[in-house]
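In the working numbering, the protein residues as written are 165 to 431. Here a beta-carbon is modelled for each residue, glycine too, at the ideal position from N, C-alpha and C.
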Ligand SMILES: Nc1ncnc2c1ncn2[C@@H]1O[C@H](COP(=O)(O)OP(=O)(O)OP(=O)(O)O)[C@@H](O)[C@H]1O
Ligand SMILES: [Mg+2]
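So, in structure tokens, the structure goes:
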């Protein structure tokens, strides 16, 4: 995939994202009670790493991603993103941090029906301030759409796309600003096993080859197992299930053949 190459992680680099003792509750609308969702979450991810988040429906996985992406405020604890303490930033600074550094693939893909695929994937580039992110966005969009097999769909509206094609368009939109942190909420949820595999392989190319930090929520243990670490949300806390100490990214190139194959098969 044509995303700017980045140097791989160094242990001395600050984490791309870090949560410390994060707590978050929602107010139950009828009785007004606070319902705790995150009850002291600690999490850290560095450049070139991937982490899967699993757990039953309603356990707080999307909430966790929203907090990591600064779309949701925390009640207590610390959120550090791209080397900055996010908890003290105002809305404009947070918007800029998101636009420049964070890519989202939402649980529902949220493509705008009135826009074409090309217009949809270019939206985050328009949201970013002039500069790096905006420069070359159209060229990147063309290359990224090509790499996920959607070049010929660029002028189509989402309604004409299959579920898998929409997911792939959402992936391109998430990557258009070359984020350092990619947050993917059940990106393979609507796909059959074969296409789910392909999309996961496509996403894993980002940490492995481009130094992006990837956090992916999934219900598929098979997909989760492909990532460096699998974390489970349990009683409002994150518990690591596997990958103890696997902080080093997989050797660059280790999965290139499969990924290239997956991409070309999607064309
Ligand atoms: N904006 C909100 N207001 C009130 N409660 C909310 C809000 N968002 C989420 N919740 C509640 O917080 C809990 C966690 O929701 P969340 O969406 O994080 O779960 P999830 O693990 O992503 O579930 P799923 O696997 O079904 O997507 C749920 O009980 C949900 O009802
Ligand atoms: Mg969810």
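Note to self: Can you tell me where the beta strand (DSSP E) holding residue 200 begins and where it ends?
What the structure shows: 198–209
Notebook entry, point to check: Roughly how many whole angstroms lie between the Cα atoms of residue 283 and residue 309?
Noted result: 12 Å
Check: So with Cβ pairs under 8 Å, would you call residue 221 a contact of chain D?
Finding: The structure shown contains no chain D, having only a single protein chain.
Checklist line | Local Cβ density within 10 Å of residue 409, reported as buried at 16 or more and exposed below that | finding: For residue 409, the pLDDT reaches just 45, beneath the cut-off of 50, and the residue's location in the model is therefore unreliable, although a value from the coordinates is still provided. Exposed: under 16 other Cβ atoms inside 10 Å.
Notebook entry, point to check: Near residue 266, which residues of its chain fall below 7 Å by C-beta distance, leaving aside the five closest residues on each side in sequence?
Noted result: 233, 343, 345, 347
Notebook entry, point to check: Which word fits residue 274, buried or exposed, when buried means at least 16 other C-beta atoms lie within 10 angstroms of its C-beta?
Noted result: exposed
Notebook entry, point to check: So the beta strand (DSSP E) residue 267 belongs to, where does it begin and stop?
Noted result: 266–269
Check: In three-state DSSP terms, what is residue 406?
Finding: strand
Item checked: Segment limits, beta strand (DSSP E) that includes residue 250 -> It is not in any beta strand (DSSP E) - residue 250 carries neither H nor E in the DSSP assignment.
Item checked: Residue range of the unbroken alpha helix (DSSP H) whose run includes residue 324 -> Note, residue 324: premise wrong, no alpha helix (DSSP H); not H, not E.
Next item on the list: Can you grab the Cα-Cα spacing for the pair residue 202 / residue 256, in whole Å?
Entry: 25 Å
Item checked: Whether residue 210 touches residue 354 by CB criterion (8 Å) -> no
Next item on the list: Taking only the alpha-carbon atoms, compute the straight-line gap between residue 334 and residue 315 and give it to the nearest angstrom.
Entry: 14 Å
Item checked: Rounded separation between residue 361 and residue 238 - CA only -> 33 Å
Item checked: Straight-line gap, residue 215 to residue 277 (C-alpha atoms, nearest Å) -> 31 Å
Margin query: Counting C-beta neighbours from all protein chains within 10 Å, is the total for residue 198 16 or more, i.e. buried, or is it exposed?
Written below: exposed
Next item on the list: Answer yes or no: do residue 379 and residue 388 have a C-beta to C-beta separation smaller than 8 Å?
Entry: no
Check: Going by the CB atoms, is the gap between residue 318 and residue 340 shorter than 8 Å?
Finding: no
Next item on the list: Quick one: grab the DSSP three-state call for residue 307.
Entry: helix
Next item on the list: Report, in whole angstroms, the separation of the C-beta atoms of residue 402 and residue 205, which I expect to be a contact under 8 Å.
Entry: 5 Å
Notebook entry, point to check: What does the shell around ligand 2 hold, if a residue joins when its beta-carbon is under 7 Å from any heavy atom?
Noted result: 225, 226, 271, 349, 350, 381
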